[in-house]
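Participant: Supplied in structure tokens, the structure appears directly below.
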Amino acid sequence: MSIISKSATQQREMLRTGELTSVELTTAYLEQIKSRESAVKAFVHLDEQQALDAAQQIDTRRAAGEPLGDLAGIPVAVKDNLCSQGVPTTCASKILSNFIPPYDATVIAKLKTADAVLIGRTNMDEFAMGSSTENSAIQVTNNPWDLQCIPGGSSGGSAACIAADFAPLALGSDTGGSIRQPAALCGIVGLKPSYGRVSRYGLVAFASSLDQIGPMTGNVEDAALLLQVLAGHDSHDSTSADVTVDAYVENVTQPLSGLTLGVVDEHYGEGLDTEIKSSVEEAIRVYESLGATIKHIEMPHASYGIATYYIIAPCEASSNLARFDGAHYGHRAETSTFDQTSTNEDALTRMYRSSRAAGFGDEVKRRIMLGTYALSEGYYDAFYLKALKVRRLIRQDYDNAFKDVDLLIGPVTAKSAFKQGEKTSDPMAMYMEDLFTVTANLAGVAGISIPCGLTAAGLPIGVQLQSAPFQEDKLLRAAFMFQNTTDWHQRRPEF
Amino acid sequence: MSSPATQPTAGTPYTVVVGLEVHVQLKTNTKLFCRCPTTFGQPPNTQTCPVCLGLPGSLPVMNRHAFELSMKTALALNCTIPHFTKWDRKNYFYPDLPKGYQTSQFDLPMSEQGHLDIFSEDDEFSDKQIRILRAHLEEDAGKSMHDEAAGLADSRIDLNRTGTPLLEIVSEPDMRSAAEAKAYLQELRLILLYLGVSDCNMQEGSLRCDANVNLHIDTPDGTIATPIVEIKNMNSFRAVQRGIDFEVGRQYKLWQKDNQVLGDMPKQTRGWDEGAQVTRAQREKEESSDYRYFPCPDLVPVVVTDEEIQAMQQQIGTLPADLRKQLLGDHQLTAHTSAVIVNQGLGFADYFLALATAINDSRLASNWMQGEVLRILNEQEQTIEQFKLSAAELGELLKLIQSGDLDNSKAKDVFAVMIESGQPALGVMAALGITKVDSSQLEELCQRLVDNNPKIVADVQSGNQKAVGALIGQARNENSNVDPGQVRQICLALIEKI
Amino acid sequence: MALTRDDVEKVSLLARLQLTDDELNSMTEHLSQIIQYVHQLDEINTDDVAPLAHTLDITNVLADDVVEDGLSREAALQNAPQRDEECFRVPAVL
Numbered sequence: 008m009s010i011i012s013k014s015a016t017q018q019r020e021m022l023r024t025g026e027l028t029s030v031e032l033t034t035a036y037l038e039q040i041k042s043r044e045s046a047v048k049a050f051v052h053l054d055e056q057q058a059l060d061a062a063q064q065i066d067t068r069r070a071a072g073e074p075l076g077d078l079a080g081i082p083v084a085v086k087d088n089l090c091s092q093g094v095p096t097t098c099a100s101k102i103l104s105n106f107i108p109p110y111d112a113t114v115i116a117k118l119k120t121a122d123a124v125l126i127g128r129t130n131m132d133e134f135a136m137g138s139s140t141e142n143s144a145i146q147v148t149n150n151p152w153d154l155q156c157i158p159g160g161s162s163g164g165s166a167a168c169i170a171a172d173f174a175p176l177a178l179g180s181d182t183g184g185s186i187r188q189p190a191a192l193c194g195i196v197g198l199k200p201s202y203g204r205v206s207r208y209g210l211v212a213f214a215s216s217l218d219q220i221g222p223m224t225g226n227v228e229d230a231a232l233l234l235q236v237l238a239g240h241d242s243h244d245s246t247s248a249d250v251t252v253d254a255y256v257e258n259v260t261q262p263l264s265g266l267t268l269g270v271v272d273e274h275y276g277e278g279l280d281t282e283i284k285s286s287v288e289e290a291i292r293v294y295e296s297l298g299a300t301i302k303h304i305e306m307p308h309a310s311y312g313i314a315t316y317y318i319i320a321p322c323e324a325s326s327n328l329a330r331f332d333g334a335h336y337g338h339r340a341e342t343s344t345f346d347q348t349s350t351n352e353d354a355l356t357r358m359y360r361s362s363r364a365a366g367f368g369d370e371v372k373r374r375i376m377l378g379t380y381a382l383s384e385g386y387y388d389a390f391y392l393k394a395l396k397v398r399r400l401i402r403q404d405y406d407n408a409f410k411d412v413d414l415l416i417g418p419v420t421a422k423s424a425f426k427q428g429e430k431t432s433d434p435m436a437m438y439m440e441d442l443f444t445v446t447a448n449l450a451g452v453a454g455i456s457i458p459c460g461l462t463a464a465g466l467p468i469g470v471q472l473q474s475a476p477f478q479e480d481k482l483l484r485a486a487f488m489f490q491n492t493t494d495w496h497q498r499r500p501e502f
Numbered sequence: 015m016s017s018p019a020t021q022p023t024a025g026t027p028y029t030v031v032v033g034l035e036v037h038v039q040l041k042t043n044t045k046l047f048c049r050c051p052t053t054f055g056q057p058p059n060t061q062t063c064p065v066c067l068g069l070p071g072s073l074p075v076m077n078r079h080a081f082e083l084s085m086k087t088a089l090a091l092n093c094t095i096p097h098f099t100k101w102d103r104k105n106y107f108y109p110d111l112p113k114g115y116q117t118s119q120f121d122l123p124m125s126e127q128g129h130l131d132i133f134s135e136d137d138e139f140s141d142k143q144i145r146i147l148r149a150h151l152e153e154d155a156g157k158s159m160h161d162e163a164a165g166l167a168d169s170r171i172d173l174n175r176t177g178t179p180l181l182e183i184v185s186e187p188d189m190r191s192a193a194e195a196k197a198y199l200q201e202l203r204l205i206l207l208y209l210g211v212s213d214c215n216m217q218e219g220s221l222r223c224d225a226n227v228n229l230h231i232d233t234p235d236g237t238i239a240t241p242i243v244e245i246k247n248m249n250s251f252r253a254v255q256r257g258i259d260f261e262v263g264r265q266y267k268l269w270q271k272d273n274q275v276l277g278d279m280p281k282q283t284r285g286w287d288e289g290a291q292v293t294r295a296q297r298e299k300e301e302s303s304d305y306r307y308f309p310c311p312d313l314v315p316v317v318v319t320d321e322e323i324q325a326m327q328q329q330i331g332t333l334p335a336d337l338r339k340q341l342l343g344d345h346q347l348t349a350h351t352s353a354v355i356v357n358q359g360l361g362f363a364d365y366f367l368a369l370a371t372a373i374n375d376s377r378l379a380s381n382w383m384q385g386e387v388l389r390i391l392n393e394q395e396q397t398i399e400q401f402k403l404s405a406a407e408l409g410e411l412l413k414l415i416q417s418g419d420l421d422n423s424k425a426k427d428v429f430a431v432m433i434e435s436g437q438p439a440l441g442v443m444a445a446l447g448i449t450k451v452d453s454s455q456l457e458e459l460c461q462r463l464v465d466n467n468p469k470i471v472a473d474v475q476s477g478n479q480k481a482v483g484a485l486i487g488q489a490r491n492e493n494s495n496v497d498p499g500q501v502r503q504i505c506l507a508l509i510e511k512i
Numbered sequence: 021m022a023l024t025r026d027d028v029e030k031v032s033l034l035a036r037l038q039l040t041d042d043e044l045n046s047m048t049e050h051l052s053q054i055i056q057y058v059h060q061l062d063e064i065n066t067d068d069v070a071p072l073a074h075t076l077d078i079t080n081v082l083a084d085d086v087v088e089d090g091l092s093r094e095a096a097l098q099n100a101p102q103r104d105e106e107c108f109r110v111p112a113v114l
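Going down the list, the protein sequences come from chains A, B and C.
Going by this note's numbering, the first sequence opens with residue 8, and the numbers climb by one from there.
Going by this note's numbering, the second sequence opens with residue 15, and the numbers climb by one from there.
Going by this note's numbering, the third sequence opens with residue 21, and the numbers climb by one from there.
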């Protein structure tokens, strides 16, 4: 078995015993990238030499008996919306094509302290807005399972990376499903932590009350490994939770006895693809065979998730993206494009408008416009305030559910990976991709997507487990139980 | 609660209505949402970090001390402190605002409904209370400087100031004249200085004031209100007073021409031009400001308990109004003298109180504070904290005046040498050879002078009292320690007896 | 509840976006669709429901007033589209 087919957990052990060096491991991944990346296009920036140099340094330090971090020598790919000092951080947008942060995001600093080998930066939907990675201003990423299909989004690059064995570990971010949905469409594991579990400092904000950074990996124990490094309180993030971090790695392989799983009736509506429905139902039967009890749960406001999300997220985004104005960093339009004689606006206003028009893609503009409108005078109560109220009702649905069950189980997406271009002309159709994932962000609960099947066409299907806030330990252990009984997580595309 | 009843300004058919918005930079070590220093006057863009630069991915963390200073100030202004407060984003585009929004407070500010009392020393207006609508905590923006070098019209942006904590204090439109507005500002500034929450330096921008002005005009058809104008860019108390006065005149003249009333147009903004001493209309914005306020999702609310409010109330210490009461009541000073002392600040007032207690004579103490001490402080450009003599040391000198060992003029000589040499009063007296002249010695000397100067005596007897000055001069030549006042008194009495 | 093209133009100014004629047209259509969709929230009675702005129930996150190292001027200006030795430069602020 090739080294890149092993889990990061196994690789870590082999590195520790000296059976494997980081240079060997990193080289193996770089070779895989070399042979397959032109087909997949997961990366927007590859740090080949730097990765090998870092790997070499880890090997040297290890040989000298120095203490090393928990991810020492293991390659990690990072979504391009996480600020990395001295490294271009573009968010797959033209407006940041030349932006180089002078500081590290907290999670990046944590990866560095853990001695991870940062191998490259992955493609995404521009500013994390999208469900297919087609909104990237840089390139399209192809689903390794079917190169004509999308990998999901917005963390499509990271998902494709894991599916194509370009790295054992990757970071994504999830605002309405952007880790879980691409994980499901690419047949890998993706976890969105509870809101506040992982610091957002250095994550280029899309929707501040919804964003979370999380692990995207080939299996559950690796997700535990990565989450262990990322989780924890950060004094730089006022919304960071000061809650003890559980021993995810230590506990992940321990099954849960007496597990009760809730099946949400509202998830089984008309739009759900029959193949996905049967895969998810099969997964539920697997849990039953492992001793879990299944209960039916009602979440009366679940169907309002999309409407609620598509008010709150664009409103916050319209404010978060106001800083991209061409004044202090990022793209500024050429002076000739805002010649003052052409309108009666002052040059400064023209500069703002031209720079932002040139720098942002269509979907980003659409959401900025939507958010600006919804927050504008006279509309605040009808839209934003209303959405915040429904958000509370959605949260209450979860709180009530978790009184009865340990975890929720259900589909991640209504359909498997669709073809490129299929939904790009219909924004609302694209938004419906988030149907089963947005409520977790709105409520602040944790969710994990794990592979549970393949369609007849050979495309991955994922099943989602959701937990009450700060129950990632339970989530991971339950996910591992399923993984331990099945082998979907070991499937990789042949290409 | 509506504005206090308006009375037209004497001699005019209108009432002036003024409200003031004051922004105070709080004297914290670090900015409101990051730990960059807030030092004034540093080279551009040398006090920044990802947070105050508004770099992508940066997040704010509130400064505890800024919140505490705000609370202290609000309590000193008699405001209510709600138990729950939060921050909101005020969204607009401007190059000195790198995030594209200012973090401020909209519907749930950290304090509201206070007041402060103003009075006029010159009786320009009667004592009144000005209500304060609210005081809230927000971040400052950066600075833009116009640059026309090389024929370009550019602005240069310095973000050092971005993120500095500001307390915005908004009054109700209770002021009825520029004089009242000035008094409000002065008293507010004094309170802030006494609290130690700000440097309150209008030239440096740590205290800024905008005025909202309009007129209520009496017409045969009833009272009409002119459109409200906001005046900005007044950088001194005098500018505030003049700006308001000018604006009042301008609005009345304009109304007489165009009859525009409140509601006919949106609030206009005008800038005060110090050079020309006029207000000028500022450029109209493309769209009327729609700030799209919403709660900042990156910050969590602050909850304040009654215990915390009470604890902060205890920390307030003496305020100018308390001190004035104390000086007038316990020390029987005049209103003018007490104002002089209070206006010099808490340190000066504390010194006075210590001095007055030490010598048990408020009058003498206040004379010297207003006179000699203030003179030295002004000459040396010192604060009372830097003054070379402690209250106890100065007290020793004043006690010698009280005992008659020194007259006022000699005391001033000793005072000067005490400051220069650092020696105590008695030591300096000895060094200068000043001793009290015994009364029989003095009598004897005066008698001799009167006996030996018949011409001068005749002069005095003929009605020219001033001629006795020559005798005083002779007495001083003979013994420099004589008190000229006493010599004059004794000589005149002796001459009278002749 | 559709938006007019005029509404969209006004919003584009507020948002500092310059839209072409085609973009204005498609934006009007798409935004109208989305607005119409989100209006389904009106079906829900939220009279007695408090808004949920933060999913984490925390308050009073306050830091000590102690200076920490920031960025050098060079680092601060490093990404400026236009700058001089000391400052960011933008078209004149009137």
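Even for Gly, the Cβ is constructed at its ideal location relative to N, Cα and C.
1) Work out the CA separation of Thr397(B) and Ala135(A) for me, nearest whole Å.
2) Pick out the complete beta strand (DSSP E) segments inside the region 401-432 of chain B, 3 residues or longer, and give them in chain order.
3) Output needed in chain order: residues of the region 66-91 of chain C with a Cβ under 7 Å from some Cβ in chain B.
4) Are the region 317-330 of chain A and the region 22-36 of chain B touching by the rule of at least three beta carbon pairs closer than 8 Å?
5) With distance defined between alpha-carbon atoms, name the residue in Ala35(A), Asn351(A), Leu392(A), Asp441(A) nearest to Asp68(C).
6) Is the CB of Val38(B) under 7 Å away from at least one CB in chain C?
7) What's the C-alpha gap between Ile455(A) and Trp152(A)?
8) Buried or exposed: which applies to Asn495(B), given that a residue is buried once 16 or more other Cβ atoms fall within 10 Å of its Cβ?
9) Is the distance from the Cβ of Lys86(A) to the Cβ of Leu178(A) below 7 Å?
10) Could you say which of Ala116(A), Ile157(A), Gly209(A), Asn105(A) lies nearest to Gly137(A) if we only look at CA atoms?
11) Which of the three DSSP states, helix, strand or coil, is assigned to Ser432(A)?
12) Taking Val471(B) and Arg502(B) to be in contact with their CB atoms under 8 Å, please state how far apart those CB atoms are, rounded to whole angstroms.
13) Please state whether DSSP places Ser16(B) in a helix, a strand or coil.
14) With respect to 6 Å, is the separation between the Cβ of Gly477(B) and the closest non-hydrogen atom of the ligand MN below this value?
15) Using only CA atoms, which one of Asp89(C), Leu34(C), Ala96(C), Ile78(C) lies nearest to His335(A)?
16) Using the rule of at least 16 other Cβ atoms within 10 Å of the residue's Cβ for burial, across every protein chain shown, is Thr97(A) buried or exposed?
17) Between Asn478(B) and Ala405(B), what straight-line distance do the alpha-carbon atoms span, to the nearest angstrom?
18) In terms of residue numbering, what span does the beta strand (DSSP E) encompassing Asn551(B) cover?
19) Let me make sure I understand the geometry here. Which of Gly417(A), Leu234(A), Gln56(A), Ser325(A) has the alpha-carbon closest to that of Leu268(A)?
20) Would you please verify whether the beta carbon of Leu61(C) is less than 7 Å from any beta carbon of chain A?
21) Cα-Cα, which of Leu130(B), Leu313(B), Thr293(B) is closest to His246(A)?
22) If you reduce the DSSP assignment to three classes, tell me which class Gln366(B) lands in.
23) Using DSSP with H/G/I as helix, E/B as strand and the rest coil, what is Ser242(A)?
24) Which residues in chain B sit within 7 Å of Ala364(A), going by Cβ to Cβ distance?
25) Give the single residue among Asp26(C), Ala22(C), Leu37(C) whose Cα lies nearest to the Cα of Arg373(A).
26) Could you name each continuous beta strand (DSSP E) segment of 3 residues or more that falls completely within the region 233-318 of chain B, going from the start of the chain to the end?
27) Tell me whether Asn105(B) sits in a helix, a strand or coil according to DSSP, three-state version.
28) Roughly how many whole angstroms lie between the Cα atoms of Thr117(B) and Ile375(A)?
29) For the region 144-152 of chain B against the region 177-194 of chain B, do three or more pairs of beta-carbon atoms, one drawn from each stretch, fall closer than 8 Å, so that the two count as touching?
30) Can you pull the DSSP bridge partners for Met76(B)?
Facilitator: The relevant details are as follows:
1) C-alpha separation (whole angstroms): 58 Å.
2) none
3) Ala73, His74, Ile78, Thr79, Asn80, Val81, Leu82, Ala83, Asp84, Asp85, Val86, Val87, Glu88, Gly90, Leu91
4) Using a Cβ-Cβ distance cut-off of 8 Å, the region 317-330 of chain A and the region 22-36 of chain B are not in contact, since fewer than three pairs of beta carbons, one from each stretch, lie closer than that value.
5) Leu392(A)
6) no
7) 21 Å
8) buried
9) yes
10) Answer by Cα proximity: Ile157(A).
11) coil
12) Their Cβ separation, rounded to whole angstroms, is 14 Å, which puts Val471(B) and Arg502(B) out of contact at 8 Å.
13) Because the pLDDT at Ser16(B) is just 48, under 50, the model does not fix this residue reliably, and the point stays unresolved.
14) Judged by which ligands are present, the structure shown has none, so any question about the ligand MN falls away.
15) Ala96(C)
16) buried
17) 43 Å
18) Here chain B covers residues 15 to 512 and nothing more, so residue 551(B) does not appear.
19) Ranking Gly417(A), Leu234(A), Gln56(A), Ser325(A) by Cα distance to Leu268(A) puts Gly417(A) first.
20) yes
21) According to the sequence displayed, residue 246(A) carries Thr and not His. Comparing Cα-Cα distances from Thr246(A) to each of Leu130(B), Leu313(B), Thr293(B), the minimum goes to Leu313(B).
22) Here residue 366(B) turns out to be Phe, not Gln, going by the sequence shown. Residue state, collapsed to three classes: helix.
23) coil
24) None at all; the shortest Cβ gap to chain B is about 14 Å.
25) Leu37(C)
26) 236-239, 243-248, 282-287, 292-295
27) strand
28) Rounded to whole angstroms, the gap between the alpha carbons of Thr117(B) and Ile375(A) is 19 Å.
29) yes
30) Its beta-bridge partners are Leu82(C).
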